[in-house]
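Here the structure comes first, spelled out in structure tokens, and everything after it is commentary.
Quick look at the structure:
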């Protein structure tokens, strides 16, 4: 009788440990999962802020001030240019400089880091820009 | 411009201090004495960084002492966040040599520096990093660096100097792209 109770207790304890391990794995997975940012999240990160971005293809760093009125001021290699920017309802951020047509891309968060992504024809996503730092206000006006 | 893809712009030069800025707009204040580590570093958007000043010793004495003489000094690093630490350096001048740099024959001074910490109990030196580098006095620049830490080795060479009137975006971006692609 005692050995049967012990066996049942062992099974209960093992099941509890297994459940804890599974819950732990699930929490980690959801924290690290890559997901597309919502329109509100994009607004919070960009409107009225200066953002440091790193182009993952060219390795160039840019600083862009996203003015709430839709104007974008960008500096790269000590040269500034003016453009326009906006956020679409689906959360895509659009940027245009000079006479070029605006390019609109989704942003994702992956392990706490923010990226701009480019999907190919088959829907495979490539990260093209990493956003390194978001600072309040127009930091470019100070320098 | 350096072989590792770094690019820096000289912003000002006054009172024996040079203010450099890299393409991430991080600012570095350097001494005219090449054995001195960066005097101040400030990151652009975060404002984070640190300042460093000589604690004990006289690193400028390396200019008068014969080659091979060890010059020891400490540097007090104060982070803008308030933390402070002390770094120990030993440097020596290895000698002079003539070498072509950026197409011109120049006199270079070679230096070897080592950073270490001293164990409190045993007073033993524990290695942290070494730097062996060549400095061109007429350019006022380190033209070649070999750095070793406990985990990795790295090195770079000066590959280009672009005067302000020629530093167009087109020219700079072309050169930087080429250097970074070759890394």
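Chains as they are written, first to last, in my numbering: chain A, 1014 to 1156; chain B, 5 to 187.
Backbone N, C-alpha and C fix where the C-beta goes; we use that ideal spot for every residue, glycine too.
Please read these numbers as outputs of a predicted model, since none were measured by experiment.
Query, Result
"Short CB-CB distance (under 8 Å) between residue 53(B) and chain A", "no"
"CB contact check: residue 1168(A) to chain B, cutoff 8 Å", "This structure leaves residue 1168(A) out entirely; chain A is present only between 1014 and 1156."
"Test: residue 3(B) CB closer than 8 Å to a CB of chain A", "Look at the range of chain B in this structure, 5 to 187, and you will see that residue 3(B) is not part of it."
"Whole-number beta carbon distance between residue 115(B) and residue 38(B), since they are thought to touch under 8 Å", "6 Å"
"Amino acids of chain A, ordered along the chain, whose beta-carbon sits closer than 8 Å to that of residue 139(B)", "Per Cβ cutoff of 8 Å: no residues; residue 139(B) is ~26 Å from chain A at best."
"Distance between residue 167(B) and residue 1121(A) (C-alpha atoms, nearest Å)", "40 Å"
"Interface positions of the segment 1064–1090 of chain A facing chain B (Cβ-Cβ less than 9 Å), listed along the chain", "1064, 1065, 1067, 1071, 1072, 1073, 1074, 1076, 1088, 1089 and 1090"
"Chain-order list of residues whose beta-carbon lies under 6 Å from that of residue 57(B) (same chain, five-residue window excluded)", "80"
"Where residue 165(B) sits in the DSSP three-state scheme", "coil"
"CB contact below 8 Å: residue 1152(A) versus chain B", "yes"
"Residue burial classification, residue 1092(A) (beta-carbon count within 10 angstroms, cutoff 16)", "exposed"
"8 Å Cβ cutoff met for residue 1094(A) and residue 1087(A)", "yes"
"Assigned secondary structure, residue 1055(A) (DSSP; H/G/I helix, E/B strand, else coil)", "helix"
"Assumed close pair residue 134(B), residue 152(B) - CB separation to whole angstroms, cut-off 8 Å", "5 Å"
"Nearest-angstrom Cα separation, counted from residue 1108(A) out to residue 20(B)", "43 Å"
"Positions along the segment 65–95 of chain B whose CB lies within less than 8 Å of some CB in chain A", "none"
"Exposure label - residue 173(B); buried when at least 16 CB within 10 Å", "exposed"
"Residues near residue 1062(A) by beta carbon distance below 8 Å, same chain, minus five either side", "1078, 1079, 1147, 1148, 1149 and 1150"
"Paired residues, beta bridge with residue 1132(A) - DSSP", "1138(A)"
"Residue 211(B): first and last residue of the uninterrupted alpha helix (DSSP H) it sits in", "Nothing about residue 211(B) can be reported from this structure: the residues present for chain B run from 5 to 187 only."
"Contact belief for residue 1116(A) with residue 1130(A) at Cβ below 8 Å, rounded distance in angstroms", "In fact, because the Cβ distance is near 12 Å, the residues do not count as touching under 8 Å."
"Option in 176(B), 78(B) and 141(B) with minimal Cα separation from residue 122(B)", "78(B)"
"Burial state of residue 131(B) (16 or more Cβ within 10 Å)", "exposed"
"Among 1058(A), 1097(A) and 1089(A), nearest to residue 29(B) - alpha-carbon criterion", "1089(A)"
"Cβ shell of residue 138(B) (< 6 Å), same chain only, five flanking positions each side left out", "112, 114, 147 and 148"
"Neighbour-count burial assignment, residue 1046(A), 16 or more Cβ in a 10 Å radius", "exposed"
"Any chain B beta carbon closer than 8 Å to residue 1092(A)", "yes"
"DSSP-derived helix/strand/coil call for residue 1095(A)", "strand"
"Residue 50(B) (DSSP reduced to helix, strand or coil)", "coil"
"Residue 154(B), buried or exposed, once every other Cβ within 10 Å from all chains shown has been counted against 16", "exposed"
"Distance CB(residue 68(B))-CB(residue 46(B)) smaller than 8 Å", "no"
"Residue 49(B) and residue 1065(A) closer than 8 Å at C-beta", "yes"
"Start and end residues, beta strand (DSSP E) containing residue 1108(A)", "1106–1110"
"Closest by C-alpha distance to residue 73(B), when choosing among 62(B), 97(B) and 35(B)", "97(B)"
"Proximity test, Cβ basis, 8 Å: residue 177(B) and chain A", "yes"
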